[in-house]
Every structure is written in structure tokens, then in C-alpha cells.
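Peer 1: Residue numbers (this note's numbering): 8 to 386.
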Ligand code: ADP
Ligand code: MG
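1) Cβ of residue 87 within 8 angstroms of any heavy atom in the ligand ADP?
2) Identify whether residue 358 lies in helix, strand or coil by the three-state DSSP scheme.
3) Hey, which residues come within less than 5 angstroms of the ligand ADP, measuring from Cβ to any heavy atom, in chain order?
4) Can you name the start and end residues of the beta strand (DSSP E) that residue 166 belongs to?
5) From residue 163 to residue 206, what distance separates their C-alpha atoms?
6) Could you tell me if the beta carbon of residue 129 falls within a distance shorter than 8 angstroms of some heavy atom in the ligand MG?
7) Evaluate residue 268 with the Cβ neighbour count: other Cβ atoms within 10 Å of its Cβ, from every protein chain shown; 16 or more gives buried, anything less gives exposed.
8) Identify, in the order they occur along the chain, each residue of the same chain with its Cβ nearer than 7 angstroms to the Cβ of residue 50, setting aside the five sequence neighbours on each side.
9) Check whether the Cβ of residue 59 lies closer than 8 angstroms to any heavy atom of the ligand MG, and answer yes or no.
10) Given that a residue counts as buried once 16 or more other Cβ atoms are within 10 Å of its Cβ, and exposed if not, what is residue 176?
11) Any idea which residues DSSP pairs residue 87 with across the strands?
12) Relative to the C-alpha of residue 78, which residue among 54, 296 and 98 is closest?
13) So, helix, strand or coil for residue 335, using DSSP?
14) Between the alpha carbons of residue 315 and residue 300, how many angstroms are there, rounded?
15) Go through its chain and collect everything with a Cβ distance to residue 226's Cβ below 6 angstroms, but skip five positions before and after it.
16) Counting only runs that start and end within the region 18-55, where is the beta strand (DSSP E) found for 3 or more residues in a row?
17) Where DSSP assigns a beta bridge to residue 124, which residues make up the other side?
18) For the alpha helix (DSSP H) that contains residue 208, what are its first and last residues?
19) Which residue comes first and which comes last in the beta strand (DSSP E) that contains residue 225?
20) In angstroms with no decimal places, state the Cα-to-Cα distance between residue 357 and residue 260.
21) Whole-angstrom Cβ separation of residue 48 and residue 262, contact assumed at under 8 angstroms?
22) Comparing the CB of residue 202 with every heavy atom of the ligand MG, is any distance shorter than 8 angstroms?
23) Indicate the three-state DSSP secondary structure (helix, strand or coil) for residue 95 in the structure shown.
24) Relative to the ligand MG, is the shortest distance from any of its heavy atoms to the C-beta of residue 174 smaller than 8 angstroms?
25) With a 10 Å radius around its C-beta and 16 neighbouring C-beta atoms as the bar for buried, classify residue 56 as buried or exposed.
26) How do the region 187-194 and the region 26-40 stand: do at least 3 beta-carbon pairs fall below 8 angstroms, yes or no?
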């Protein structure tokens, strides 16, 4: 729906703010422009609705050259939201929400209906439309701020760091809200941020800018998995690359040694082995190390005490993972079946290792907290 071709902005004085930007944006996509300060994000965004006149290049909206669309029509199809402008204190919530529609000279009934529709989308009562901002809590005002951006029903909405100055919790809530509204209302949103986490969370595609140039344009997953060059790699931050890693990690990378016993052994031996190795589960294998089942503390009490051998009491119903399977699948399986651990077998069903809740927790902590520790060390 939006085709940007060799878009360029040279400011007076010769500063090249945006250099030959070419990209395509589809209807309903959430696009994040990200880059360091001065990389040309704001300039690029503002050229899309001609708040900044391009020096050269073209922008086509639904097949039409933007330069040939008159500015009022253009504003009706592209909205622009700058860094968290607050609500107007002397205007009611209704008037705040319908500010842009009124500027675009909508009919009164239509803007009224829109105000009622939008306030219902953020679970606030219609009666609030008559209130003034100061009568709402801070969080409620923020929600009004977000729906106001959608009120004019433009298909494309440009947002320049709208959540930049908010505290992390409010930012998180509003990110969820804008994403949900964007999906439900099928809006195309082009969003500028300098926060990679925000871009990853919200965007269908991320455009990484550097010194006016588009360096990489792809889905968050593809960018994280295949950063095109060292600049992108550094920009993403090594911690985020690691953070993504658990998704691709296999059980083999984190499994520990499984303590096992062969099926022909006696129960006495099994108990002694468990005590000695301090484990509550013992895996039972055949002579070729093939997994047959397991013993745990419960299976050794009660009735079992009169039995003599492992083969008489071991539990055959066992859940396991195959070598090479994804770690996240093992996590899912452990949680779903409320297991304490899950053995890993090779293609011949031979026991090769064990995933425990404890070692999964370690990995989760490593990826969540590890980078923070790293940052502390770096600073
Ligand atoms: P970003 O939003 O990524 O921080 P900008 O688009 O605001 O970057 O700016 C890109 C470059 O263009 C910067 O070097 C900036 O100083 C320069 N620039 C921005 N606006 C103007 C202007 N009106 N006149 C001259 N230079 C400008
Ligand atoms: Mg900017």
C-alpha cells in the first residue's frame, strides 16, 4: 500500500538526513524505524506525509504519487502522532478524542459516534466523554491519548517515539494497547523508536537506520537470527542475541547426566545408588542403555518393599525427549505434565541425558538476568 522509492532529504546546509530510502509497506503492517539519534528516523517519517518535503524520490500510496495528492486529502489518509503530547486540559475527553476529526471537518454525528466507539475499546464508560482530563487517573488519560491517535480513522498512522518518556510499566501497558487496537482495527502503523525491545515487541518488520541509510529491513526474528552486518549486530546488542537463543537451543546443549540402573539389578542396589548420587529419580535401561522406564521414591515405598528387583517395580510409562529437539518444547512438556525432569534419548532410544526443572530455571535466569550483570560489569 505504501511504496517508498529512493527517498532522499538534504537539508539546507547540505546535511543528508535520509539517503535513498527504498521500502514497501503492506496494509495492516506494524513497522518500526529504529536507529541511533540523528540517523534520519524523524525525517523519514515526516516525509511520508509531507511535513518535510523530500529532496528527491517518490512515495506512492495505494498506487498514487503522494506529491499529487492534495495535503488535506493526504492528512485524511495519514495521521501523525508526535512524542506523547498530553491531552488538552481545558477540553473534555470527547473534544480531545475528536480533535483531529474536527480539524478535518468531519460531521458532528460521525465524530461523536467515533468517540463513543473508541472509548468502549479501552474499557472506559461513555460518561467519561464529558469529563475533563484531570478527572481521570493518569493511566486512563494515557489510554485516551492512544485512542485519540486512531480517531481520525486514517489508514496509516505515523508515530514518533510516542511512549519515549513513559515509565516502563505504563509504556508496556500502552504498547499492548496500541498493538491490540492496530490488529483489531487493521491499521498500518509506522513507528519510530530507539528502543530495540519496543521494536521487537510491536513490529511486524523493523527498519534499521544508520546515518540516513536503511541498513536492514526485515522481521524481528530474521533480524535477530541474521543481522546483516556488524553494525546491526552491535545495535541489537549481544544480550538480545543471547536472549533469543533459548528458542533455538536444543535439549542436548543443556542436558545433564542421567543417573540410571539396568533392569536386572536388585532394588537394594537401586536404593543405594539413589542415596549415593542424591537423586529422586533413577532411569531404568536395558543392557544396551535403552530407556525402559524409571524408579522414583514413591515407587520404592509401600508394596514395592516386598519386591526384590528393579524389573518388578519400575514404571514403564515414561515421557522423554528425542535428541535435537527444542529446549522450549521440553519446557512445555515439563510444565504441561507437571514433571520434575525429562530424559533425553537418541534415535535408538538410548538414554543420553536429562533435563531438569532446575537446569531450565538456570537457563531462564541466565538469559533474563545475565545481560544485566554483564552491563554492570561493563559500566
Ligand atoms: P532521528 O529522528 O533519527 O534522530 P532526524 O531525522 O531528526 O534523526 O535527523 C537526521 C539528521 O538531520 C540529523 O543529523 C539532524 O541534525 C539533521 N536535521 C534534522 N532536522 C534538520 C533541519 N530542519 N535542518 C537541518 N538539519 C536537520
Ligand atoms: Mg527523531
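Even for Gly, the Cβ is constructed at its ideal location relative to N, Cα and C.
Peer 2: For this structure:
1) no
2) Here residue 358 sits in strand by DSSP.
3) 18, 22, 24, 44, 45, 46, 47, 48, 49 and 50
4) 163-167
5) 18 angstroms
6) The answer is no for residue 129.
7) buried
8) 16, 24, 25 and 59
9) no
10) exposed
11) 165
12) Measuring from the Cα of residue 78, the nearest candidate turns out to be 54.
13) helix
14) 17 angstroms
15) By the criterion of a C-beta distance shorter than 6 angstroms, residue 226 is surrounded in its chain by 212, once the five residues flanking it on both sides are discounted.
16) 23-32 and 37-42
17) Note: residue 124 sits in no beta bridge, so no partner.
18) First-last of the alpha helix (DSSP H) with residue 208: 203-209.
19) 220-225
20) 17 angstroms
21) No, residue 48 and residue 262 are not in contact; Cβ-Cβ is about 44 angstroms, not under 8 angstroms.
22) no
23) coil
24) Not one heavy atom of the ligand MG falls within 8 angstroms of the beta-carbon of residue 174.
25) buried
26) yes
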